[in-house]
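Residue numbers (our numbering): 628 to 726.
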């Protein structure tokens, strides 16, 4: 299953279920099959994503050795989503998702 995030101020963003669910949980949204992020909710969502990235990177710096095969970190996964939220917040548009 995939999450497809759509908005008027940015291109569509597609995430695998595990990544989309994690992002939605970080921003305090129900990771259901459909949903909406309103412009007034976006600053808090952006702040929550930045905090989660900082926490993960802090944890990674304290680890003795990198874990092989972990792939992309949270930062790489959420940067496009944060950009989408920032653009839509500025334009006053919501972001919707569906699976």
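All residues carry an ideal CB built from backbone N, CA and C; glycine is no exception.
Own chain, CB closer than 8 angstroms to residue i, minus 5 neighbours either side, in chain order
i	result
residue 652	658
residue 634	711, 714, 715, 720, 721, 722, 723
DSSP bridge partner residues for residue i (one or two, in chain order)
i	result
residue 664	722
residue 634	722
residue 641	631
CB of residue i within 8 angstroms of CB of residue j, strictly
i	j	result
residue 663	residue 721	yes
residue 708	residue 645	no
residue 631	residue 641	yes
Beta-carbon proximity list for residue i, same chain, < 7 angstroms, skipping 5 on both sides
i	result
residue 695	Low per-residue confidence applies at residue 695: pLDDT is 49, beneath 50, and the placement is therefore not dependable, though the value from the model is reported in the following sentence. Hits under 7 angstroms: none found.
residue 701	679, 680, 683
Limits of the unbroken beta strand (DSSP E) element including residue i
i	result
residue 699	Residue 699 -> no beta strand (DSSP E), and no H or E assigned at all.
Close-in-space but distant-in-sequence residues of the same chain around residue i (CB under 6 angstroms, 5 per side omitted)
i	result
residue 647	630
residue 637	711, 714
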